[in-house]
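In our numbering, the protein residues as written are -17 to 239. Below: the structure, in structure tokens.
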């Protein structure tokens, strides 16, 4: 990988955007590499949790508008569909996904963070739907994820004005789950990731699917989805292990089957 660092430990795969000299701006190469690695993780049984972050004290400043292979340089709709593929690849990762956000998260990269299931930000983090400042509209899933996170009126405010908001404001708006001192960011995310990695992979992936489609389903459809998912769980080795561990008064050891 030219633009990423991918590390695996104890079921946690950490993907670090690694262009610190450009605040991890997303180039065409990084777009392709992120899409590829998200698709790989989705198919890797040993990967139980995804952590997405950035190097050098920032998450990412958004699209690299100086990239010669980017949309601004003339490849237009074709390139933008690659951005869409990236958003879809992240959203399709069945494992729990955590965005670990230090420093700046702007434009498409803010939306990548918001597409994760959980967002933990350092106190110095700041977010911006910066698009209108560049004469642009939303991309990378912003029009889909913002109303779901903050409601339609607040989504209009964030998108229209492109203001830079603090981590505390992002927490108030419901864009992030936790705000912690910069020195505690790694520890907090490591704790959450290790807890999820020790959890039941099948059940967690089905909970993720349930919640992602629930807002677009009727109650009857949601209940049917729950029923079929729970039937899979009841017949899984993981649920049998959980029941046995309960009886034996020990922690279960889940294998994702």
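Think of the CB as a built atom: it goes at the ideal place given N, C-alpha and C, for glycine as much as any other residue. Nothing here was measured: the structure is a model prediction, and the numbers come from that model.
Beta carbon of residue i nearer than 8 Å to that of residue j
{"i": "residue 150", "j": "residue 161", "result": "yes"}
{"i": "residue 243", "j": "residue 170", "result": "In the structure as shown, the chain begins at -17 and stops at 239. Residue 243 is therefore absent and cannot be evaluated."}
{"i": "residue 179", "j": "residue -6", "result": "yes"}
{"i": "residue 144", "j": "residue 106", "result": "no"}
{"i": "residue 215", "j": "residue 184", "result": "yes"}
{"i": "residue 132", "j": "residue 155", "result": "yes"}
{"i": "residue 37", "j": "residue -1", "result": "yes"}
{"i": "residue 109", "j": "residue 147", "result": "yes"}
{"i": "residue 193", "j": "residue 78", "result": "no"}
Strand pairing of residue i, partner residues [DSSP]
{"i": "residue 36", "result": "-1"}
{"i": "residue 100", "result": "80"}
{"i": "residue 109", "result": "87 and 147"}
{"i": "residue 206", "result": "According to DSSP, residue 206 bridges with nothing at all."}
{"i": "residue 8", "result": "45"}
Identity of the residue in the options nearest residue i by Cα
{"i": "residue 62", "options": "36, 13 and 48", "result": "13"}
{"i": "residue 18", "options": "50, 51, -16 and 99", "result": "-16"}
{"i": "residue 85", "options": "234, -10, 135 and 167", "result": "167"}
{"i": "residue 152", "options": "3, 92, 208 and 181", "result": "92"}
Three-state class that DSSP yields for residue i in the structure shown
{"i": "residue 87", "result": "strand"}
{"i": "residue 45", "result": "strand"}
{"i": "residue 160", "result": "strand"}
{"i": "residue -10", "result": "strand"}
{"i": "residue 214", "result": "helix"}
- prompt: Taking one C-beta from the segment 64 to 83 and one from the segment 138 to 146 each time, how about it: are there three or more such pairs within less than 8 Å?
  reply: No, the segment 64 to 83 is not in contact with the segment 138 to 146.
- request: Assess, as a yes-or-no matter, whether the segment 116 to 129 is touched by the segment 187 to 207 under the definition of 3 or more beta carbon pairs within less than 8 Å.
  value: With the rule of 3 Cβ pairs closer than 8 Å, the segment 187 to 207 does not count as touching the segment 116 to 129.
- request: Kindly confirm or deny that the segment -3 to 17 and the segment 60 to 70 touch, where touching means at least three C-beta pairs closer than 8 Å.
  value: Touching, per the Cβ criterion.
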